[in-house]
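This report concerns only the one structure given below.
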Amino acid sequence: MGMGTTPIFILKEGTKRDKGKDAQYNNIMAARAIADSVRSTLGPRGMDKMLVDSMGDVVITNDGVTILKEIDVEHPAAKMLVEVAKTQDEECGDGTTTAVILAGELLKKAIDLIDANVHPTIISGGYRLAAQKSLEILESISMPISVDDKGTLKKIAMTAMMSKAVSGVRAHMADLAVGAVTAVAEKADGKWTVDLDNIQIVKKHGGSMEDTEIVKGVILDKEPVHPAMPKKIENAKIALVDAALEIKKTEIDAKIEIRDPSQLQAFLNEEENMLRKMVDQVKSSGANVLMCQKGIDDLAQHFLSKEKIFAVRRVKKSDMEKLAKATGAAIVSKLSELSKADLGKADLVEMRKYQDDEMTFVTGCKNPKAVSILIRGGTEHVVDEIERSLDDAMSVVAVSIEDGKMITGGGSTAVELAMKLREYSASVGGREQIAIDAFASALEVVPTALSENAGLDPIDVLIELRKAHKSGQKTAGVNVYTGKVVDMVKQDVLEPFRVGKQAISSATDAAVMILRIDDVIASKGGARGGPGMPGGPSEASLRPDED
Numbered sequence: 106m107g108m109g110t111t112p113i114f115i116l117k118e119g120t121k122r123d124k125g126k127d128a129q130y131n132n133i134m135a136a137r138a139i140a141d142s143v144r145s146t147l148g149p150r151g152m153d154k155m156l157v158d159s160m161g162d163v164v165i166t167n168d169g170v171t172i173l174k175e176i177d178v179e180h181p182a183a184k185m186l187v188e189v190a191k192t193q194d195e196e197c198g199d200g201t202t203t204a205v206i207l208a209g210e211l212l213k214k215a216i217d218l219i220d221a222n223v224h225p226t227i228i229s230g231g232y233r234l235a236a237q238k239s240l241e242i243l244e245s246i247s248m249p250i251s252v253d254d255k256g257t258l259k260k261i262a263m264t265a266m267m268s269k270a271v272s273g274v275r276a277h278m279a280d281l282a283v284g285a286v287t288a289v290a291e292k293a294d295g296k297w298t299v300d301l302d303n304i305q306i307v308k309k310h311g312g313s314m315e316d317t318e319i320v321k322g323v324i325l326d327k328e329p330v331h332p333a334m335p336k337k338i339e340n341a342k343i344a345l346v347d348a349a350l351e352i353k354k355t356e357i358d359a360k361i362e363i364r365d366p367s368q369l370q371a372f373l374n375e376e377e378n379m380l381r382k383m384v385d386q387v388k389s390s391g392a393n394v395l396m397c398q399k400g401i402d403d404l405a406q407h408f409l410s411k412e413k414i415f416a417v418r419r420v421k422k423s424d425m426e427k428l429a430k431a432t433g434a435a436i437v438s439k440l441s442e443l444s445k446a447d448l449g450k451a452d453l454v455e456m457r458k459y460q461d462d463e464m465t466f467v468t469g470c471k472n473p474k475a476v477s478i479l480i481r482g483g484t485e486h487v488v489d490e491i492e493r494s495l496d497d498a499m500s501v502v503a504v505s506i507e508d509g510k511m512i513t514g515g516g517s518t519a520v521e522l523a524m525k526l527r528e529y530s531a532s533v534g535g536r537e538q539i540a541i542d543a544f545a546s547a548l549e550v551v552p553t554a555l556s557e558n559a560g561l562d563p564i565d566v567l568i569e570l571r572k573a574h575k576s577g578q579k580t581a582g583v584n585v586y587t588g589k590v591v592d593m594v595k596q597d598v599l600e601p602f603r604v605g606k607q608a609i610s611s612a613t614d615a616a617v618m619i620l621r622i623d624d625v626i627a628s629k630g631g632a633r634g635g636p637g638m639p640g641g642p643s644e645a646s647l648r649p650d651e652d
């Protein structure tokens, strides 16, 4: 029987399939498009992006990861680059743009090699060797830094904020970041750890950027429960209670029959006594401030205000934990067990008013392990961008303290790595050495993008940089304001070691993964409307299977 005439369908009708070089080019082009979209935001002279979503909400930022999270990315290869930015953000909080454009550049160099008939597996192998070697070199050129060196930590924070909208007040912001992070840093088994969750960020627009302040304590977006309560308590003794100051209802359906008016009065008196007893328990522990995670009955509020106790109800669990860390109080779940030992201390608990919002400030805690930053700024967009910048600054200070190592910025580290990698590639031999050379050239995208964004000639800058590094100036980088190649240590352009390390690892991983794909089979859904559109696939069907 002749089988030649019948076509055999293996895939569903309408399935789109790219094979071989087509598939590679498509994936690489998509990934590079993502990298190019954030490239112009790199460095102090980088520009911002305005992102408008389908609801009309506007985000103005130049934070790489924020831009990529906000864009609705369709292409699976492009999604991988968004993942690179997210990983970088989770690990270091900064360097997201660098990681993404590095991945894009590695792919761009790979296209030239694929065109020259170098097999993608060889390119991947070379890239892996180069990344490994880069991390060794990075380790050897890093400089030590300690938690007590506040001046250097401030420089690292300022470098992270150079390219942000807050660069005008970055000295003030860097002080806040260093102050907050060093306050919550804890040492265990000789190692420092920083949990940024212990730094609470509260945003209120109004005022100016300079009004942003650090509060040695906690800010609650709450006011005292009763208008007659004091608005300000000095030398506060704080009780944290995770129980309601209300009369409990029985778990089972219960009915109380009252046959006599005097019984009704007795019943009401008993309710009142129970609430009064609860308030007396708070009072007898010596507390003059009560933070309650649950509700407080109206009558109890009245008794508390009579006793001049400042009480706040329905405080979030996370805020209760921060209060416990800041004031040294213990969270008590049973009112009857509240004792003097459970109370926390603060110099001042007061209600402050910002525009129409009343907020409670718990300040002046001795050696608090949780602090707050109150962000102020002209408009909501400004406040949001300050928050993103401070987040970057605090993250870089935190990872610098944890790792105890830093490197220089301004493209200096990238050029030094590129130079050492080229020396190393000669010793590798074989075809991998072409890939290692390509990796070295890809690293130079950092100074190139920095100088392009500053309107300088990237080729001239690169030649100058290579010359300086050849003559042994390991920390020479580009000053984007003058266009000169100068020592980055003197310019105070410093970055945490982890930012460089993570950028190289995740960019290499993503590039290698995309390079190894030679066949893309997209089911029919992909060609119709986008996710969430009529006839469009659901978000899940766009993701390649993760198993």
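Going by this note's numbering, the sequence shown opens with residue 106, and the numbers climb by one from there.
Heads up, the beta-carbon is just placed ideally off N, CA and C, and yes, glycines get one too.
Predicted, not measured: the structure shown is a model, and the values here were computed from it.
Spatial neighbours of residue i within its chain, please: C-beta separation below 7 Å, excluding the five flanking residues on both sides.
{"i": "Val598", "result": "Thr264, Thr513, Gly514, Gly515 and Gly582"}
{"i": "Arg99", "result": "Residue 99 lies beyond the stretch modelled for the chain, which goes from 106 to 652, so this question has no answer here."}
{"i": "Val533", "result": "Leu234 and Ile541"}
{"i": "Val594", "result": "Thr513 and Thr580"}
{"i": "Val189", "result": "Ala204, Val205, Ala208, Ser611, Ala612 and Ala615"}
{"i": "Glu196", "result": "Arg603 and Gln607"}
{"i": "Thr110", "result": "none"}
{"i": "Glu521", "result": "Ile246, His574 and Lys579"}
{"i": "Glu507", "result": "Trp297, Thr298 and Val299"}
{"i": "Glu377", "result": "Leu404"}
Strictly by DSSP, which residues pair up with residue i?
{"i": "Glu318", "result": "Leu479"}
{"i": "Pro249", "result": "Lys510"}
{"i": "Tyr459", "result": "Asp462"}
{"i": "Cys397", "result": "Val346"}
{"i": "Ala416", "result": "Leu395"}
{"i": "Leu453", "result": "Glu339 and Thr468"}
{"i": "Pro601", "result": "Met511"}
{"i": "Arg122", "result": "Ile626"}
{"i": "Lys308", "result": "Ile480"}
{"i": "Asp592", "result": "Ala581"}
{"i": "Lys154", "result": "Thr166"}
Excluding the 5 residues flanking residue i on each side, which residues of the same chain have their C-beta closer than 6 Å to its C-beta?
{"i": "Glu362", "result": "none"}
{"i": "Val591", "result": "Asn584"}
{"i": "Lys124", "result": "Asp624"}
{"i": "Leu116", "result": "none"}
{"i": "Pro639", "result": "In this predicted model, Pro639 has a pLDDT of only 42, less than 50, meaning its place in the structure is not dependable; the value taken from the coordinates is given anyway. No residues qualify anywhere along the chain."}
{"i": "Asp194", "result": "Val170 and Thr201"}
Who are the near neighbours of residue i in its chain, counting only those whose CB is closer than 8 Å to its CB and skipping five residues on each side?
{"i": "Thr120", "result": "Ile626, Ala627, Ser628 and Lys629"}
{"i": "Gly400", "result": "Ala349, Leu350, Glu351, Arg418 and Arg419"}
{"i": "Asp562", "result": "Ser556"}
{"i": "Val330", "result": "Ile401, Gln406, Leu409, Ala416, Val417 and Arg418"}
{"i": "Thr226", "result": "Arg621"}
{"i": "Ala128", "result": "Ile622, Asp623, Asp624 and Val625"}
Identify which residue in the options has its Cα closest to the Cα of residue i.
{"i": "Leu404", "options": "Gln607, Ala333 and Ala341", "result": "Ala333"}
{"i": "Ser410", "options": "Glu426, Arg381 and Val437", "result": "Arg381"}
{"i": "Asp177", "options": "Val157, Thr166 and Asn167", "result": "Val157"}
{"i": "Ser145", "options": "Lys191, Thr111, Val289 and Thr202", "result": "Thr202"}
{"i": "Ile246", "options": "Ala612, Ser610, Pro601 and Ile622", "result": "Pro601"}
{"i": "Met160", "options": "Glu175, Val283, Arg150 and Glu521", "result": "Glu175"}
{"i": "Asn97", "options": "Val143, Glu188, Glu179 and Ala183", "result": "No answer is possible for residue 97: the residues shown for the chain start at 106 and end at 652."}
{"i": "Val271", "options": "His486, Gly509 and Val387", "result": "His486"}
{"i": "Lys665", "options": "Met134, Gln596 and Gly200", "result": "The first residue shown for the chain is 106 and the last is 652, placing residue 665 beyond what the model contains."}
{"i": "Gly200", "options": "Val501, Ile506 and Ser517", "result": "Val501"}
{"i": "Glu549", "options": "Leu211, Val394 and Gly151", "result": "Leu211"}
{"i": "Ile414", "options": "Lys213, Ala138 and Pro335", "result": "Pro335"}
{"i": "Gly312", "options": "Glu528, Ile480 and Ser530", "result": "Ile480"}
Can you tell me the Cβ-Cβ gap for residue i and residue j, rounded? I've got them flagged as a contact below 8 Å.
{"i": "Ala208", "j": "Ala140", "result": "6 Å"}
{"i": "Leu345", "j": "Met396", "result": "5 Å"}
{"i": "Lys605", "j": "Leu243", "result": "Reading the sequence as shown, one finds Gly at residue 605 and not Lys. About 6 Å separates the two Cβ atoms, so the contact holds."}
{"i": "Lys430", "j": "Ala475", "result": "4 Å"}
{"i": "Asp496", "j": "Gly198", "result": "6 Å"}
{"i": "Leu448", "j": "Ser389", "result": "Leu448 to Ser389, Cβ: 12 Å. No contact."}
{"i": "Ala262", "j": "Ile478", "result": "The pair is not a contact, with the Cβ atoms about 13 Å apart (cut-off 8 Å)."}
{"i": "Ala545", "j": "Leu570", "result": "Rounded, the Cβ-Cβ distance is 13 Å, inconsistent with contact."}
{"i": "Val454", "j": "Glu412", "result": "Actually they are not in contact, since the Cβ atoms of Val454 and Glu412 sit about 15 Å apart, beyond 8 Å."}
{"i": "Lys126", "j": "Ile219", "result": "7 Å"}
{"i": "Met248", "j": "Met511", "result": "6 Å"}
{"i": "Pro552", "j": "Ala519", "result": "6 Å"}
Q.
Could you check whether the segment 306 to 317 touches the segment 488 to 497, counting it as contact only if at least three pairs of C-beta atoms, one from each stretch, sit closer than 8 Å?
A. Segment contact: the segment 306 to 317 against the segment 488 to 497, three or more CB-CB distances shorter than 8 Å; contact assigned.
Q.
Measuring CB atoms only, is the segment 437 to 449 touching the segment 287 to 301, in the sense that at least three cross pairs come out at less than 8 Å?
A. A contact between stretches requires three or more CB pairs, one per stretch, nearer than 8 Å, and the segment 437 to 449 fails this requirement with the segment 287 to 301.
Q | the segment 314 to 324 contacting the segment 462 to 471, beta-carbon criterion three pairs below 8 Å | A | Yes, since at least three Cβ pairs between the segment 314 to 324 and the segment 462 to 471 fall closer than 8 Å, the two stretches touch.
Q) With contact counted as at least three CB pairs below 8 Å, one residue from each stretch, are the segment 335 to 344 and the segment 362 to 375 in contact? A) Taking 8 Å as the limit for Cβ pairs, the verdict is that the segment 362 to 375 does not touch the segment 335 to 344.
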